[in-house]
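Notes follow once the structure below has been shown.
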Amino acid sequence: AMVELLISSNVARYVEFKNINKILCWSGDATTGRLVSVPCSRSQVFSSKAVSLLDKRLLMKFLQFAADYTQHEQQWLDKKEAPLREYLQQQRMSEQLQEYIMSGMALAGQCVTVEDGLKAIKLFLTSLGRFGSSPFLATLYGSAELPQAFCRLCAVFAGTYILGRDISSVIVGTKEAAVETSKETNGEGEAISETNISSTQGSLNVGASSEQTTLVSLESNSKETSEDKNNVEDSVVNNKTAVLGIISQGQRLKCEHLVLDDRYGGAFDSSSAAHAATAQLSVSRAVLILNSDLLKELPVEGTAADVTSTKTGSNGVSLAQVTGSKGQPITLLQFAADTSVCPDNTWLLHLTCVGSNAETDLFPVVQQLLQQHSSSSVQQSSSQQSPVLYSLYYNQSVQRSHHSPFSNLHLCTGPDHQNLDYDYAIDQAKRIFSSMYPDDEFMPRAPDPDEIIFDDPPSQQEETDGVSQQQEMEGGQEQQVDEQMEDHQKQEHIKDEQKQMEA
1 AMVELLISSN VARYVEFKNI NKILCWSGDA TTGRLVSVPC SRSQVFSSKA
51 VSLLDKRLLM KFLQFAADYT QHEQQWLDKK EAPLREYLQQ QRMSEQLQEY
101 IMSGMALAGQ CVTVEDGLKA IKLFLTSLGR FGSSPFLATL YGSAELPQAF
151 CRLCAVFAGT YILGRDISSV IVGTKEAAVE TSKETNGEGE AISETNISST
201 QGSLNVGASS EQTTLVSLES NSKETSEDKN NVEDSVVNNK TAVLGIISQG
251 QRLKCEHLVL DDRYGGAFDS SSAAHAATAQ LSVSRAVLIL NSDLLKELPV
301 EGTAADVTST KTGSNGVSLA QVTGSKGQPI TLLQFAADTS VCPDNTWLLH
351 LTCVGSNAET DLFPVVQQLL QQHSSSSVQQ SSSQQSPVLY SLYYNQSVQR
401 SHHSPFSNLH LCTGPDHQNL DYDYAIDQAK RIFSSMYPDD EFMPRAPDPD
451 EIIFDDPPSQ QEETDGVSQQ QEMEGGQEQQ VDEQMEDHQK QEHIKDEQKQ
501 MEA
(Lines of atoms letter the chains of each structure in order from A and count residues from 1; the text may use other names and numbers.)
(Lines give C-alpha, C1' and ligand atoms only; values in the text may rest on other atoms or scores of the structure.)
Protein backbone atom coordinates (compact mmCIF):
# COMPACT_ATOMS: atom_id res chain seq x y z
CA ALA A 1 0.00 0.00 0.00
CA MET A 2 2.82 2.43 0.79
CA VAL A 3 4.56 1.86 -2.55
CA GLU A 4 1.30 2.44 -4.43
CA LEU A 5 0.60 5.60 -2.41
CA LEU A 6 4.09 6.99 -3.01
CA ILE A 7 3.70 6.45 -6.75
CA SER A 8 0.10 7.67 -7.12
CA SER A 9 0.70 10.82 -5.05
CA ASN A 10 4.08 11.59 -6.66
CA VAL A 11 5.69 11.75 -3.21
CA ALA A 12 8.25 9.14 -4.29
CA ARG A 13 10.31 11.91 -5.91
CA TYR A 14 11.28 13.12 -2.42
CA VAL A 15 12.60 9.75 -1.19
CA GLU A 16 15.49 7.46 -2.12
CA PHE A 17 15.28 3.71 -1.65
CA LYS A 18 17.52 0.68 -1.50
CA ASN A 19 16.43 -2.87 -2.18
CA ILE A 20 16.68 -5.22 0.81
CA ASN A 21 19.12 -7.56 -0.85
CA LYS A 22 19.46 -10.20 1.86
CA ILE A 23 16.63 -12.12 3.57
CA LEU A 24 17.66 -14.68 6.17
CA CYS A 25 16.16 -17.07 8.70
CA TRP A 26 17.55 -19.19 11.53
CA SER A 27 18.24 -22.82 10.80
CA GLY A 28 18.71 -25.29 13.63
CA ASP A 29 18.55 -24.84 17.39
CA ALA A 30 19.73 -21.84 19.39
CA THR A 31 23.20 -23.20 20.15
CA THR A 32 24.26 -25.00 16.98
CA GLY A 33 22.05 -23.21 14.44
CA ARG A 34 23.03 -20.53 11.99
CA LEU A 35 21.59 -17.87 9.72
CA VAL A 36 20.81 -19.05 6.21
CA SER A 37 19.72 -17.13 3.15
CA VAL A 38 16.11 -17.62 2.01
CA PRO A 39 15.82 -18.51 -1.69
CA CYS A 40 12.95 -16.37 -2.96
CA SER A 41 12.83 -16.55 -6.73
CA ARG A 42 12.91 -19.56 -9.04
CA SER A 43 16.52 -18.90 -10.00
CA GLN A 44 17.59 -18.64 -6.35
CA VAL A 45 15.84 -21.90 -5.48
CA PHE A 46 17.59 -23.89 -8.20
CA SER A 47 21.00 -22.27 -7.67
CA SER A 48 20.98 -22.82 -3.89
CA LYS A 49 23.50 -25.40 -2.69
CA ALA A 50 21.82 -25.65 0.70
CA VAL A 51 18.61 -27.20 -0.70
CA SER A 52 18.39 -30.77 -1.95
CA LEU A 53 16.87 -31.59 -5.32
CA LEU A 54 13.75 -33.10 -3.73
CA ASP A 55 13.26 -30.04 -1.53
CA LYS A 56 13.66 -27.78 -4.53
CA ARG A 57 10.80 -29.55 -6.30
CA LEU A 58 8.57 -29.42 -3.22
CA LEU A 59 9.34 -25.74 -2.64
CA MET A 60 8.69 -24.73 -6.24
CA LYS A 61 5.42 -26.65 -6.29
CA PHE A 62 4.25 -24.89 -3.13
CA LEU A 63 5.30 -21.43 -4.34
CA GLN A 64 3.39 -21.92 -7.59
CA PHE A 65 0.32 -22.91 -5.58
CA ALA A 66 0.67 -19.98 -3.12
CA ALA A 67 0.98 -17.43 -5.94
CA ASP A 68 -2.49 -18.47 -7.15
CA TYR A 69 -4.00 -20.01 -4.01
CA THR A 70 -7.39 -18.31 -4.39
CA GLN A 71 -8.00 -20.43 -7.49
CA HIS A 72 -7.37 -23.68 -5.56
CA GLU A 73 -9.62 -23.33 -2.52
CA GLN A 74 -10.29 -27.06 -2.42
CA GLN A 75 -6.69 -27.58 -1.27
CA TRP A 76 -6.81 -25.31 1.78
CA LEU A 77 -10.25 -23.84 2.54
CA ASP A 78 -11.23 -26.57 5.01
CA LYS A 79 -7.91 -25.97 6.84
CA LYS A 80 -7.91 -22.15 6.76
CA GLU A 81 -7.96 -21.78 10.57
CA ALA A 82 -5.27 -24.43 11.12
CA PRO A 83 -1.64 -23.40 11.79
CA LEU A 84 0.36 -22.89 8.62
CA ARG A 85 3.25 -24.96 9.95
CA GLU A 86 0.93 -27.92 10.45
CA TYR A 87 -0.26 -27.53 6.85
CA LEU A 88 3.35 -27.47 5.59
CA GLN A 89 4.12 -30.64 7.52
CA GLN A 90 1.22 -32.33 5.77
CA GLN A 91 2.85 -31.36 2.47
CA ARG A 92 5.92 -33.44 3.52
CA MET A 93 8.19 -30.42 3.75
CA SER A 94 11.43 -30.60 5.69
CA GLU A 95 12.16 -28.41 8.70
CA GLN A 96 14.43 -26.26 6.54
CA LEU A 97 11.71 -25.59 3.95
CA GLN A 98 9.19 -24.84 6.67
CA GLU A 99 11.55 -22.25 8.12
CA TYR A 100 12.10 -20.69 4.69
CA ILE A 101 8.36 -20.25 4.25
CA MET A 102 7.38 -19.32 7.82
CA SER A 103 10.21 -16.94 8.74
CA GLY A 104 11.45 -15.89 5.31
CA MET A 105 8.25 -15.37 3.31
CA ALA A 106 5.16 -15.27 5.54
CA LEU A 107 7.02 -13.25 8.21
CA ALA A 108 4.02 -13.59 10.50
CA GLY A 109 5.14 -15.78 13.39
CA GLN A 110 4.70 -19.43 14.25
CA CYS A 111 0.97 -19.16 15.07
CA VAL A 112 -0.17 -17.74 11.73
CA THR A 113 -3.14 -19.56 10.17
CA VAL A 114 -3.20 -21.14 6.73
CA GLU A 115 -5.42 -18.40 5.30
CA ASP A 116 -3.37 -15.49 6.64
CA GLY A 117 -0.10 -17.22 5.82
CA LEU A 118 -1.05 -17.87 2.19
CA LYS A 119 -2.18 -14.28 1.82
CA ALA A 120 1.18 -13.01 3.13
CA ILE A 121 3.16 -15.41 0.93
CA LYS A 122 1.23 -14.36 -2.18
CA LEU A 123 1.97 -10.71 -1.43
CA PHE A 124 5.64 -11.64 -0.98
CA LEU A 125 5.79 -13.50 -4.30
CA THR A 126 3.88 -10.91 -6.35
CA SER A 127 6.24 -8.19 -5.09
CA LEU A 128 9.35 -10.03 -6.29
CA GLY A 129 11.15 -8.43 -9.21
CA ARG A 130 9.19 -5.19 -9.20
CA PHE A 131 12.04 -3.03 -7.92
CA GLY A 132 14.78 -5.60 -7.43
CA SER A 133 15.58 -9.16 -6.47
CA SER A 134 13.64 -8.99 -3.19
CA PRO A 135 10.10 -7.78 -2.44
CA PHE A 136 11.21 -5.19 0.13
CA LEU A 137 12.45 -1.62 -0.11
CA ALA A 138 14.11 0.45 2.61
CA THR A 139 14.56 4.21 2.62
CA LEU A 140 17.99 5.76 2.59
CA TYR A 141 18.75 7.99 5.60
CA GLY A 142 16.27 6.08 7.79
CA SER A 143 12.55 5.44 7.95
CA ALA A 144 11.83 9.02 9.08
CA GLU A 145 12.32 10.02 5.44
CA LEU A 146 8.77 8.83 4.72
CA PRO A 147 6.91 11.26 7.00
CA GLN A 148 9.43 13.93 6.02
CA ALA A 149 8.48 13.43 2.36
CA PHE A 150 4.76 13.81 3.04
CA CYS A 151 5.45 16.88 5.21
CA ARG A 152 7.52 18.35 2.39
CA LEU A 153 4.62 17.92 -0.03
CA CYS A 154 2.34 19.68 2.45
CA ALA A 155 4.80 22.55 2.83
CA VAL A 156 5.09 22.96 -0.94
CA PHE A 157 1.34 23.57 -1.06
CA ALA A 158 1.31 26.18 1.75
CA GLY A 159 1.18 23.93 4.81
CA THR A 160 2.35 25.61 8.04
CA TYR A 161 4.54 23.96 10.70
CA ILE A 162 5.35 25.14 14.22
CA LEU A 163 8.43 23.31 15.48
CA GLY A 164 9.87 22.93 18.94
CA ARG A 165 6.57 23.39 20.79
CA ASP A 166 4.28 21.08 22.68
CA ILE A 167 0.61 21.20 23.68
CA SER A 168 -0.10 21.82 27.34
CA SER A 169 -3.90 21.85 27.18
CA VAL A 170 -6.83 21.43 24.82
CA ILE A 171 -9.73 23.89 24.93
CA VAL A 172 -13.13 22.20 24.72
CA GLY A 173 -16.58 23.75 24.88
CA THR A 174 -19.92 24.01 23.14
CA LYS A 175 -20.16 24.44 19.41
CA GLU A 176 -21.89 27.78 20.00
CA ALA A 177 -18.76 28.94 21.81
CA ALA A 178 -16.70 27.76 18.86
CA VAL A 179 -18.69 30.10 16.58
CA GLU A 180 -17.96 33.03 18.88
CA THR A 181 -14.30 31.99 19.10
CA SER A 182 -13.97 32.11 15.31
CA LYS A 183 -14.64 35.86 15.47
CA GLU A 184 -11.69 36.47 17.79
CA THR A 185 -8.83 37.31 15.46
CA ASN A 186 -6.49 40.24 15.05
CA GLY A 187 -7.99 41.28 11.73
CA GLU A 188 -5.61 39.17 9.69
CA GLY A 189 -6.92 35.77 10.65
CA GLU A 190 -4.19 35.14 13.23
CA ALA A 191 -4.85 33.69 16.67
CA ILE A 192 -4.67 36.00 19.67
CA SER A 193 -2.27 35.11 22.46
CA GLU A 194 -3.71 34.31 25.89
CA THR A 195 -1.59 35.76 28.71
CA ASN A 196 -1.04 33.96 32.01
CA ILE A 197 -2.95 30.97 30.70
CA SER A 198 -1.01 28.60 32.96
CA SER A 199 -2.61 30.16 36.04
CA THR A 200 -6.14 29.51 34.82
CA GLN A 201 -7.80 26.94 37.04
CA GLY A 202 -10.01 24.72 34.92
CA SER A 203 -11.91 27.13 32.68
CA LEU A 204 -11.84 30.42 30.82
CA ASN A 205 -14.29 32.48 28.83
CA VAL A 206 -13.68 32.38 25.10
CA GLY A 207 -14.31 35.57 23.14
CA ALA A 208 -17.66 37.24 23.60
CA SER A 209 -19.43 34.00 24.41
CA SER A 210 -20.94 33.47 27.81
CA GLU A 211 -20.58 29.71 27.49
CA GLN A 212 -18.01 28.14 29.81
CA THR A 213 -15.14 26.30 28.18
CA THR A 214 -12.86 23.74 29.80
CA LEU A 215 -9.11 23.21 29.64
CA VAL A 216 -8.18 19.54 29.32
CA SER A 217 -4.56 19.19 30.39
CA LEU A 218 -2.26 16.86 28.46
CA GLU A 219 0.61 17.20 30.91
CA SER A 220 1.15 14.17 33.14
CA ASN A 221 2.05 16.28 36.17
CA SER A 222 -0.98 18.55 35.96
CA LYS A 223 -3.78 18.48 38.50
CA GLU A 224 -7.32 18.40 37.19
CA THR A 225 -10.20 19.05 39.53
CA SER A 226 -13.12 16.67 39.68
CA GLU A 227 -15.34 19.52 38.47
CA ASP A 228 -13.25 19.78 35.30
CA LYS A 229 -13.56 16.05 34.61
CA ASN A 230 -17.29 16.13 35.25
CA ASN A 231 -17.67 19.05 32.85
CA VAL A 232 -15.90 17.07 30.12
CA GLU A 233 -17.80 13.83 30.77
CA ASP A 234 -21.20 15.57 31.00
CA SER A 235 -20.48 17.34 27.72
CA VAL A 236 -19.61 14.03 26.08
CA VAL A 237 -22.85 12.46 27.27
CA ASN A 238 -24.93 15.36 25.98
CA ASN A 239 -22.96 15.39 22.71
CA LYS A 240 -22.75 19.18 22.77
CA THR A 241 -18.99 19.71 22.84
CA ALA A 242 -16.19 20.33 20.41
CA VAL A 243 -12.50 21.08 20.45
CA LEU A 244 -12.04 24.84 20.10
CA GLY A 245 -8.25 25.05 20.15
CA ILE A 246 -5.06 24.32 22.05
CA ILE A 247 -2.77 26.04 24.54
CA SER A 248 0.93 26.04 23.63
CA GLN A 249 3.50 28.05 25.59
CA GLY A 250 0.79 30.38 26.88
CA GLN A 251 -0.68 31.02 23.44
CA ARG A 252 -4.14 30.00 22.34
CA LEU A 253 -4.33 28.58 18.80
CA LYS A 254 -7.77 27.90 17.36
CA CYS A 255 -8.48 24.90 15.15
CA GLU A 256 -11.32 23.22 13.29
CA HIS A 257 -9.86 19.73 13.78
CA LEU A 258 -7.26 18.31 16.16
CA VAL A 259 -5.32 15.09 15.57
CA LEU A 260 -3.68 13.62 18.69
CA ASP A 261 -1.77 10.54 19.71
CA ASP A 262 -4.07 7.93 21.23
CA ARG A 263 -2.18 7.97 24.51
CA TYR A 264 -3.86 11.31 25.28
CA GLY A 265 -7.34 9.82 24.90
CA GLY A 266 -7.65 9.15 28.62
CA ALA A 267 -7.45 12.88 29.35
CA PHE A 268 -10.88 13.35 27.78
CA ASP A 269 -12.61 10.44 29.52
CA SER A 270 -11.60 9.41 33.03
CA SER A 271 -14.28 6.75 33.42
CA SER A 272 -13.18 3.27 34.44
CA ALA A 273 -15.03 1.77 31.48
CA ALA A 274 -12.90 3.77 29.06
CA HIS A 275 -9.67 2.64 30.72
CA ALA A 276 -10.85 -0.97 30.71
CA ALA A 277 -11.49 -0.74 26.96
CA THR A 278 -7.98 0.53 26.30
CA ALA A 279 -5.67 -2.13 24.88
CA GLN A 280 -2.05 -1.70 25.90
CA LEU A 281 0.59 -3.28 23.68
CA SER A 282 4.19 -3.40 24.84
CA VAL A 283 6.88 -3.67 22.18
CA SER A 284 10.45 -4.71 23.01
CA ARG A 285 13.12 -2.96 20.96
CA ALA A 286 16.90 -2.97 20.77
CA VAL A 287 19.31 -0.81 18.77
CA LEU A 288 22.93 -1.89 18.29
CA ILE A 289 25.83 -0.09 16.62
CA LEU A 290 28.35 -2.62 15.29
CA ASN A 291 31.77 -2.62 13.72
CA SER A 292 31.08 -5.87 11.87
CA ASP A 293 28.26 -7.50 9.92
CA LEU A 294 26.24 -9.76 12.24
CA LEU A 295 23.54 -10.76 9.73
CA LYS A 296 25.70 -12.72 7.37
CA GLU A 297 25.13 -16.22 6.14
CA LEU A 298 27.66 -18.88 7.06
CA PRO A 299 29.14 -20.46 3.93
CA VAL A 300 27.82 -23.81 2.80
CA GLU A 301 30.27 -26.59 3.50
CA GLY A 302 32.81 -26.84 0.72
CA THR A 303 32.55 -23.19 -0.39
CA ALA A 304 34.60 -20.14 0.51
CA ALA A 305 33.36 -17.49 2.89
CA ASP A 306 32.50 -14.07 1.50
CA VAL A 307 34.16 -11.44 3.66
CA THR A 308 33.63 -8.50 1.29
CA SER A 309 30.73 -7.00 3.24
CA THR A 310 32.62 -7.32 6.52
CA LYS A 311 35.47 -5.22 5.15
CA THR A 312 33.61 -2.61 3.11
CA GLY A 313 30.25 -2.14 4.82
CA SER A 314 28.54 -1.98 1.42
CA ASN A 315 26.02 -4.79 1.81
CA GLY A 316 22.93 -2.60 2.03
CA VAL A 317 19.99 -3.79 4.10
CA SER A 318 19.54 -7.25 5.60
CA LEU A 319 16.28 -8.65 6.96
CA ALA A 320 15.86 -11.68 9.21
CA GLN A 321 13.15 -13.15 11.39
CA VAL A 322 13.87 -15.57 14.23
CA THR A 323 11.71 -17.13 16.92
CA GLY A 324 12.13 -15.92 20.49
CA SER A 325 12.20 -18.02 23.65
CA LYS A 326 8.44 -17.50 24.12
CA GLY A 327 7.61 -18.37 20.53
CA GLN A 328 7.21 -14.75 19.46
CA PRO A 329 8.60 -13.63 16.09
CA ILE A 330 11.59 -11.28 16.38
CA THR A 331 12.36 -9.07 13.39
CA LEU A 332 15.94 -8.01 12.69
CA LEU A 333 16.84 -5.19 10.31
CA GLN A 334 20.48 -4.33 9.70
CA PHE A 335 21.68 -1.27 7.77
CA ALA A 336 25.17 -0.89 6.37
CA ALA A 337 27.03 2.37 5.76
CA ASP A 338 25.87 2.60 2.14
CA THR A 339 22.30 3.21 3.37
CA SER A 340 23.42 6.56 4.85
CA VAL A 341 22.24 5.80 8.38
CA CYS A 342 25.65 5.16 9.95
CA PRO A 343 29.32 6.01 9.30
CA ASP A 344 31.71 3.93 7.23
CA ASN A 345 32.80 0.62 8.71
CA THR A 346 29.77 0.46 11.01
CA TRP A 347 26.39 -1.27 10.91
CA LEU A 348 23.09 -0.40 12.59
CA LEU A 349 20.97 -3.32 13.83
CA HIS A 350 17.34 -3.08 14.98
CA LEU A 351 15.55 -5.90 16.84
CA THR A 352 11.79 -5.72 17.46
CA CYS A 353 9.16 -8.02 18.96
CA VAL A 354 6.04 -7.91 21.11
CA GLY A 355 7.14 -8.30 24.73
CA SER A 356 7.27 -6.76 28.17
CA ASN A 357 11.03 -6.77 28.86
CA ALA A 358 13.33 -5.81 26.01
CA GLU A 359 16.55 -7.19 27.47
CA THR A 360 14.96 -10.51 28.43
CA ASP A 361 13.27 -10.86 25.04
CA LEU A 362 16.08 -9.75 22.73
CA PHE A 363 19.45 -10.24 24.42
CA PRO A 364 19.44 -14.06 23.87
CA VAL A 365 19.09 -13.44 20.13
CA VAL A 366 22.01 -11.03 20.21
CA GLN A 367 24.06 -13.69 21.99
CA GLN A 368 23.23 -16.21 19.24
CA LEU A 369 24.38 -13.74 16.59
CA LEU A 370 27.59 -13.00 18.48
CA GLN A 371 28.29 -16.71 18.86
CA GLN A 372 27.82 -17.23 15.12
CA HIS A 373 30.02 -14.24 14.39
CA SER A 374 32.77 -15.58 16.63
CA SER A 375 32.69 -19.03 15.04
CA SER A 376 32.73 -17.61 11.51
CA SER A 377 35.64 -15.22 12.02
CA VAL A 378 38.45 -15.90 9.61
CA GLN A 379 41.11 -15.31 12.26
CA GLN A 380 40.28 -15.90 15.91
CA SER A 381 42.34 -14.86 18.87
CA SER A 382 41.91 -14.90 22.61
CA SER A 383 41.82 -11.11 22.63
CA GLN A 384 38.99 -10.87 20.12
CA GLN A 385 36.64 -8.03 21.09
CA SER A 386 32.88 -7.89 20.73
CA PRO A 387 31.66 -6.17 17.54
CA VAL A 388 29.00 -4.33 19.57
CA LEU A 389 30.07 -0.70 20.00
CA TYR A 390 26.82 0.45 21.59
CA SER A 391 23.51 -1.16 22.57
CA LEU A 392 20.20 0.14 23.85
CA TYR A 393 17.25 -1.96 25.05
CA TYR A 394 13.88 -0.36 25.76
CA ASN A 395 10.14 -0.98 25.68
CA GLN A 396 7.63 1.05 23.73
CA SER A 397 3.97 1.26 24.76
CA VAL A 398 1.34 1.35 22.01
CA GLN A 399 -2.33 1.91 22.76
CA ARG A 400 -5.28 0.69 20.75
CA SER A 401 -8.46 2.16 21.92
CA HIS A 402 -10.12 5.30 22.74
CA HIS A 403 -13.31 6.42 21.10
CA SER A 404 -13.05 10.15 20.45
CA PRO A 405 -15.59 12.12 22.51
CA PHE A 406 -15.69 14.96 19.97
CA SER A 407 -16.38 14.85 16.25
CA ASN A 408 -13.45 17.14 15.49
CA LEU A 409 -10.95 15.33 17.75
CA HIS A 410 -9.18 12.49 15.95
CA LEU A 411 -7.08 10.00 17.92
CA CYS A 412 -4.46 7.95 16.08
CA THR A 413 -2.40 5.06 17.38
CA GLY A 414 1.25 4.27 16.88
CA PRO A 415 2.70 1.89 14.29
CA ASP A 416 1.70 -1.73 13.89
CA HIS A 417 4.85 -3.49 15.11
CA GLN A 418 3.51 -6.94 14.26
CA ASN A 419 3.72 -6.32 10.51
CA LEU A 420 6.53 -5.00 8.34
CA ASP A 421 4.32 -2.93 6.03
CA TYR A 422 2.61 0.42 6.50
CA ASP A 423 -0.92 -0.73 5.66
CA TYR A 424 -2.28 -0.04 9.14
CA ALA A 425 -0.93 3.53 9.20
CA ILE A 426 -2.27 4.28 5.71
CA ASP A 427 -5.74 2.91 6.52
CA GLN A 428 -5.79 5.03 9.68
CA ALA A 429 -4.74 8.16 7.77
CA LYS A 430 -7.47 7.57 5.17
CA ARG A 431 -10.10 7.11 7.88
CA ILE A 432 -9.13 10.32 9.69
CA PHE A 433 -8.92 12.30 6.44
CA SER A 434 -12.35 11.14 5.24
CA SER A 435 -13.91 12.15 8.56
CA MET A 436 -12.35 15.62 8.28
CA TYR A 437 -12.89 16.20 4.55
CA PRO A 438 -15.50 13.70 3.29
CA ASP A 439 -15.81 15.31 -0.15
CA ASP A 440 -12.09 15.53 -0.95
CA GLU A 441 -9.77 12.98 -2.52
CA PHE A 442 -7.11 11.43 -0.30
CA MET A 443 -3.59 12.21 -1.51
CA PRO A 444 -4.26 13.12 -5.17
CA ARG A 445 -1.33 13.19 -7.54
CA ALA A 446 0.92 16.19 -6.98
CA PRO A 447 1.83 17.98 -10.21
CA ASP A 448 5.39 18.05 -11.47
CA PRO A 449 7.17 21.42 -11.34
CA ASP A 450 6.79 21.97 -15.10
CA GLU A 451 3.03 21.37 -14.81
CA ILE A 452 2.42 24.17 -12.29
CA ILE A 453 1.02 27.42 -13.75
CA PHE A 454 1.28 30.42 -11.45
CA ASP A 455 -1.58 32.93 -11.74
CA ASP A 456 0.23 35.83 -10.10
CA PRO A 457 -1.54 39.22 -10.00
CA PRO A 458 0.05 41.88 -12.26
CA SER A 459 2.69 44.07 -10.68
CA GLN A 460 2.27 47.82 -10.25
CA GLN A 461 4.59 48.50 -13.19
CA GLU A 462 2.60 46.11 -15.39
CA GLU A 463 -0.63 47.82 -14.35
CA THR A 464 0.88 51.26 -15.13
CA ASP A 465 2.13 50.07 -18.52
CA GLY A 466 -1.27 48.58 -19.23
CA VAL A 467 -3.06 51.83 -18.43
CA SER A 468 -0.61 53.78 -20.61
CA GLN A 469 -1.14 51.43 -23.53
CA GLN A 470 -4.89 51.71 -23.13
CA GLN A 471 -4.70 55.51 -23.02
CA GLU A 472 -2.53 55.53 -26.14
CA MET A 473 -5.01 53.29 -27.92
CA GLU A 474 -7.92 55.49 -26.87
CA GLY A 475 -6.03 58.63 -27.94
CA GLY A 476 -5.20 57.06 -31.28
CA GLN A 477 -8.82 56.14 -31.86
CA GLU A 478 -9.95 59.71 -31.06
CA GLN A 479 -7.37 61.16 -33.47
CA GLN A 480 -8.53 58.79 -36.20
CA VAL A 481 -12.15 59.89 -35.71
CA ASP A 482 -11.14 63.57 -35.90
CA GLU A 483 -9.24 62.98 -39.16
CA GLN A 484 -12.20 61.16 -40.66
CA MET A 485 -14.54 64.03 -39.72
CA GLU A 486 -12.12 66.59 -41.20
CA ASP A 487 -11.92 64.65 -44.49
CA HIS A 488 -15.69 64.47 -44.61
CA GLN A 489 -16.00 68.23 -44.12
CA LYS A 490 -13.46 68.88 -46.92
CA GLN A 491 -15.40 66.67 -49.33
CA GLU A 492 -18.64 68.50 -48.51
CA HIS A 493 -16.94 71.85 -49.08
CA ILE A 494 -15.64 70.74 -52.51
CA LYS A 495 -19.13 69.60 -53.54
CA ASP A 496 -20.59 72.98 -52.57
CA GLU A 497 -17.99 74.83 -54.67
CA GLN A 498 -18.71 72.61 -57.71
CA LYS A 499 -22.45 73.35 -57.44
CA GLN A 500 -21.81 77.09 -57.29
CA MET A 501 -19.59 76.99 -60.41
CA GLU A 502 -22.21 75.04 -62.34
CA ALA A 503 -24.84 77.54 -61.37
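Residues 1 to 503, numbered by full-length UniProt numbering, are exactly what the sequence shown covers, in order. Each residue gets a CB set at the ideal place from its N, CA and C atoms; glycine is no exception.
Buried or exposed by the 16-neighbour rule on C-beta atoms within 10 Å, applied to M102: Locating residue 102 in the sequence shown gives position 102, counting from the first residue. M102 comes out buried.
Test item: CB-CB of V354 and H417 under 8 Å: Counted from its first residue, the sequence shown places residue 354 at position 354. Counted from its first residue, the sequence shown places residue 417 at position 417. Taking 8 Å as the Cβ cut-off, V354 and H417 qualify as a contacting pair.
Inter-residue Cα distance where the pair is L348 and L244: By one-based count along the sequence shown, residue 348 stands at place 348. By one-based count along the sequence shown, residue 244 stands at place 244. About 44 Å.
Distance, A50 Cα to L218 Cα: By 1-based counting over the sequence shown, the position of residue 218 is 218. By 1-based counting over the sequence shown, the position of residue 50 is 50. Those two C-alpha atoms are separated by around 56 Å.
Run of the beta strand (DSSP E) containing Q334, from where it starts to where it stops: Position 334 of the sequence shown holds residue 334. Run containing Q334: 329 to 335, per the beta strand (DSSP E) assignment.
Cβ-based neighbour list, L107, same chain, cut-off 7 Å, excluding 5 preceding and 5 following: By 1-based counting over the sequence shown, the position of residue 107 is 107. Around L107: A120, Q321, L420.
Environment of K326 [buried if 16+ CB atoms lie within 10 Å]: The residue labelled residue 326 in the question sits at position 326 within the sequence shown. K326 comes out exposed.
Where the alpha helix (DSSP H) through K119 begins and ends: If you number the sequence shown from 1, residue 119 lands on position 119. Its alpha helix (DSSP H) spans residues 114 to 127.
Neighbourhood of E359 by C-beta distance below 6 Å, restricted to the same chain and skipping five residues each side: As a first step, residue 359 is located in the sequence shown; it is residue number 359 there, counting from the start. Excluding residues within five positions, the ones whose Cβ falls inside 6 Å are Y393.
Opposing strand residues paired with L35 [DSSP bridges]: Position 35 of the sequence shown, counting from 1, holds the residue named residue 35. Per DSSP, W26.
Given D78 as reference, the closest of E115, M60, D55 once Cα atoms are compared: Here residue 78 is taken as the residue at index 78 of the sequence shown, counted from 1. Here the closest residue by C-alpha is E115.
CB of Q385 within 8 Å of CB of L35, strictly: Walking along the sequence shown from the start, residue 385 turns up at place 385. Walking along the sequence shown from the start, residue 35 turns up at place 35. Result no, Cβ atoms of Q385 and L35 do not sit closer than 8 Å.
Three-state class that DSSP yields for A267 in the structure shown: Residue mapping note: residue 267 aligns to position 267 of the sequence shown, counting from 1. In the structure shown, A267 sits in a helix (DSSP, three-state: H, G or I).
For S8, three-class secondary structure by DSSP: In the sequence shown, residue 8 corresponds to position 8, counting from 1. Three-state DSSP puts S8 in a helix.
Bridge partner(s) assigned by DSSP for K80: Here residue 80 corresponds to residue number 80 of the sequence shown, with the count starting at 1. DSSP lists no partner for K80.
Rounded separation between L137 and T331 - CA only: For the purposes of this step, residue 137 is taken as residue 137 along the sequence shown, with counting starting at 1. For the purposes of this step, residue 331 is taken as residue 331 along the sequence shown, with counting starting at 1. Their backbone Cα atoms lie some 15 Å apart in a straight line.
Stretch-stretch touch, CB-based, cutoff 8 Å, three pairs: the stretch 19 to 29 with the stretch 59 to 73: no
Enclosing alpha helix (DSSP H) for I432 [first to last residue]: Mapped onto the sequence shown, residue 432 falls at position 432. From DSSP, the alpha helix (DSSP H) with I432 extends over 423 to 436.
Buried or exposed by the 16-neighbour rule on C-beta atoms within 10 Å, applied to L88: Here residue 88 refers to the residue found at position 88 when the sequence shown is read from its first residue. Result: buried.
Backbone CA spacing between residue 546 and L125 [nearest angstrom]: Outside the modelled stretch of the chain, which goes from 1 to 503, sits residue 546, for which no answer is possible.
P449 to S284 span [Cα, whole Å]: What you label residue 449 is simply residue 449 of the sequence shown in a count that begins at 1. What you label residue 284 is simply residue 284 of the sequence shown in a count that begins at 1. Cα-Cα distance, rounded: 43 Å.
F335 versus A12: straight-line alpha-carbon distance, rounded: The residue labelled residue 335 in the question sits at position 335 within the sequence shown. The residue labelled residue 12 in the question sits at position 12 within the sequence shown. Going from the Cα of F335 to the Cα of A12 covers about 21 Å.
Coil, strand or helix - G316 by DSSP: As a first step, residue 316 is located in the sequence shown; it is residue number 316 there, counting from the start. Residue state, collapsed to three classes: coil.
For I246, the residue or residues it bridges with in DSSP: Reading the sequence shown from its first residue, position 246 is the one you call residue 246. Note: I246 sits in a beta bridge opposite V170, L253.
Boundaries (first-last residue) of the beta strand (DSSP E) holding D261: Translated into the one-based positions of the sequence shown, residue 261 becomes position 261. 258 to 261 is the span of the beta strand (DSSP E), which, as asked, contains D261.
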